[in-house]
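Engineer: Numbers in the numbering used here are just positions in the sequence shown, counted from 1, shifted up by 3.
Glycine included, every Cβ here is placed at the ideal spot set by N, Cα and C.
Starting off with a structure, shown below.
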Amino acid sequence: MKFNTIAAQAGMCTDKQTGAISTPIYQTATFRHLALGVSTGYDYSRTANPTRAALEETIALLEGGHKGFAFATGMAAITALLMTFASGDHLIVCDDLYGGTYRILEKNFKQFGLTASYVDTADPAEIEQAIVLGKTKGILVETPTNPLMKITDLAKLVALAKKHKLITMVDNTFLTPYLQKPLSLGVDLVIHSGTKFLGGHNDVLAGLIVTSTPELSEQIGFIQNSTGGVLGPQDSWLMLRGIKTLSVRLDRQQENAQRIAAWLAAHPRVTGLYYPGLPNHPDHEIQKQQSSGFGAMLSFRVETVDLAAKIINSLKVIPFAESLGGVESLITHPAKQTHGDIPVEMREKLGINDDLLRLSVGIEDIDDLINDLDQAMA
Numbered sequence: 004m005k006f007n008t009i010a011a012q013a014g015m016c017t018d019k020q021t022g023a024i025s026t027p028i029y030q031t032a033t034f035r036h037l038a039l040g041v042s043t044g045y046d047y048s049r050t051a052n053p054t055r056a057a058l059e060e061t062i063a064l065l066e067g068g069h070k071g072f073a074f075a076t077g078m079a080a081i082t083a084l085l086m087t088f089a090s091g092d093h094l095i096v097c098d099d100l101y102g103g104t105y106r107i108l109e110k111n112f113k114q115f116g117l118t119a120s121y122v123d124t125a126d127p128a129e130i131e132q133a134i135v136l137g138k139t140k141g142i143l144v145e146t147p148t149n150p151l152m153k154i155t156d157l158a159k160l161v162a163l164a165k166k167h168k169l170i171t172m173v174d175n176t177f178l179t180p181y182l183q184k185p186l187s188l189g190v191d192l193v194i195h196s197g198t199k200f201l202g203g204h205n206d207v208l209a210g211l212i213v214t215s216t217p218e219l220s221e222q223i224g225f226i227q228n229s230t231g232g233v234l235g236p237q238d239s240w241l242m243l244r245g246i247k248t249l250s251v252r253l254d255r256q257q258e259n260a261q262r263i264a265a266w267l268a269a270h271p272r273v274t275g276l277y278y279p280g281l282p283n284h285p286d287h288e289i290q291k292q293q294s295s296g297f298g299a300m301l302s303f304r305v306e307t308v309d310l311a312a313k314i315i316n317s318l319k320v321i322p323f324a325e326s327l328g329g330v331e332s333l334i335t336h337p338a339k340q341t342h343g344d345i346p347v348e349m350r351e352k353l354g355i356n357d358d359l360l361r362l363s364v365g366i367e368d369i370d371d372l373i374n375d376l377d378q379a380m381a
């Protein structure tokens, strides 16, 4: 089946007894066994739950992977991913990344002996130079990155990783499997904050991992069960419901983002614009090759810090809030919000300054969105 059919029928026919079209919410902690040694396949919801299993099967199908795993949050999924490595291991990580990922690496895992180097993964030479022989075990990238929308060439990344026997991990949150399938390009593991475009309604927290091999599935499955940061049945159902309309939402969001990016590109008070869908984006051609779209996330820089604050405070249609990917557009101040945990020196070197704003584009009427930005920037 093709993507839209799998998504629209996500979780269907899981209830053999009633034939319910919508996946039932199995709101139970435990399951009755018929007799000693006779199991229904479920015993305790931390280990497995039918509603969560429907979601995990769906995301694995959509990504084209071996198995999917659902966690309580995106950071719980990142934690499980990082726990596959050992003390003394070294990772290479994209330098322009979500602040929460940086925080957990530097504040949590570093004390247990897992270290990371942050490089521009859009440049294979930088990745190669960062490899520590005998210690580097994996490469973790976001593509596009958050918030500067840099693109990593996944084919080159995979080739380099195979040469050095490194595990490749890609955060596919911004594009989802509807627009980009890293596993099909040879990536080992894909991770999502399901809270964002997959859920799509800003009403659920979730994290997802999709593996490419049985060996990786066994590792992630053991960590998921032993640490217990699983997604509950109610939230699993909300995720399944959101996925059903993923392509419809993202098509509209992407169309709106393209038009807003074009409008911002012509605005005299915009001094920098980051959207891979624009032909003048340095990685535009790479993005065209490895995905079927450019997504609905963009960032832009304005003349002054005061103007950035004025825009945030003057918007009437677009809320100022963290997160992204919902049907509602949201504007974010990365330096103060999502990337506040990254040291100032590192932020400023990357260009994540106080004049930078990030926009998650929703499905609202495009005229209302552009008019709102126009009046706020006047």
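DSSP beta-bridge partners for residue 383?
Structural biologist: Residue 383 is absent from the model: the chain starts at 4 and stops at 381.
Engineer: Please return the same chain residues whose Cβ sits closer than 6 Å to the Cβ of residue 97, not counting the five positions on each side in sequence.
Structural biologist: Closer than 6 Å at the Cβ level, and outside the excluded window around residue 97, lie 124, 144, 145, 148.
Engineer: Would you report the Cα separation of residue 116 and residue 133, rounded to the nearest angstrom?
Structural biologist: 17 Å
Engineer: Can you give me the start and stop residues for the beta strand (DSSP E) that residue 277 sits inside?
Structural biologist: Taken as a continuous stretch (DSSP letters only), the beta strand (DSSP E) holding residue 277 covers 273-277.
Engineer: Of the residues 251, 87, 287, which one's Cα is nearest the Cα of residue 153?
Structural biologist: 287
Engineer: So, at 8 Å on beta carbons, what are the nonlocal neighbours of residue 159 in its own chain, with the 5 sequence-adjacent residues on each side left out?
Structural biologist: 127
Engineer: So, at 6 Å on beta carbons, what are the nonlocal neighbours of residue 199 in its own chain, with the 5 sequence-adjacent residues on each side left out?
Structural biologist: 176, 327, 328
Engineer: Using a Cβ-Cβ cutoff of less than 7 Å, which residues in the same chain neighbour residue 1 once the five nearest sequence positions on both sides are dropped?
Structural biologist: Residue 1 lies beyond the residue range present for the chain, which begins at 4 and ends at 381; the question has no answer from this structure.
Engineer: Using three-state DSSP, classify residue 332 as helix, strand or coil.
Structural biologist: Residue 332 falls in the coil class under three-state DSSP.
Engineer: Distance, Cα to Cα, residue 161 vs residue 170?
Structural biologist: 9 Å
Engineer: Report all residues from its chain with a CB closer than 8 Å to the CB of residue 167; omit the five preceding and five following residues, and keep chain order.
Structural biologist: 134, 139
Engineer: Per DSSP, which one or two residues make a beta bridge with residue 251?
Structural biologist: DSSP, once it has assigned bridges, lists no residue as partnering residue 251.
Engineer: Which of the three DSSP states, helix, strand or coil, is assigned to residue 238?
Structural biologist: In the structure shown, residue 238 sits in a helix (DSSP, three-state: H, G or I).
Engineer: List the endpoints of the continuous beta strand (DSSP E) containing residue 413.
Structural biologist: No answer is possible for residue 413: the residues shown for the chain start at 4 and end at 381.
Engineer: Under 8 Å, with one C-beta from each stretch per pair, do the region 228-239 and the region 68-76 reach the 3-pair mark?
Structural biologist: yes
Engineer: For residue 210, which beta-bridge partners are listed by DSSP?
Structural biologist: According to DSSP, which records beta bridges pairwise, residue 210 is partnered with 74, 196.
Engineer: So for residue 363, helix, strand or coil by DSSP?
Structural biologist: strand
Engineer: Counting Cβ pairs, one atom from each stretch, are 3 or more of them under 8 Å apart for the region 238-258 and the region 197-213?
Structural biologist: These segments touch.
Engineer: Please go through the same chain and pick out, in chain order, the residues whose beta-carbon is closer than 7 Å to the beta-carbon of residue 452, but skip the five residues on each side of it.
Structural biologist: In the structure displayed, the chain extends from 4 to 381; residue 452 sits before or after that span and is not available.
Engineer: By DSSP, does residue 347 sit in helix, in strand, or in coil?
Structural biologist: helix
Engineer: Ends of the alpha helix (DSSP H) at residue 301?
Structural biologist: Careful: residue 301 lies outside any alpha helix (DSSP H), inside the beta strand (DSSP E) at 300-305.
Engineer: For residue 333 and residue 301, I'd like the C-alpha separation in whole angstroms.
Structural biologist: Going by the C-alpha atoms only, they are around 11 Å apart.
Engineer: List the residues that DSSP assigns as beta-bridge partners of residue 171.
Structural biologist: Partner(s): 142.
Engineer: With residue 131 as the anchor, note down where its alpha helix (DSSP H) starts and where it stops.
Structural biologist: 127-133
Engineer: So, is the C-beta of residue 243 closer than 7 Å to a C-beta in chain C?
Structural biologist: The chain inventory of the structure shown lacks chain C, comprising one protein chain alone.
Engineer: When the Cα of residue 190 is compared with those of 208, 273, 219, 197, which residue comes out closest?
Structural biologist: 219
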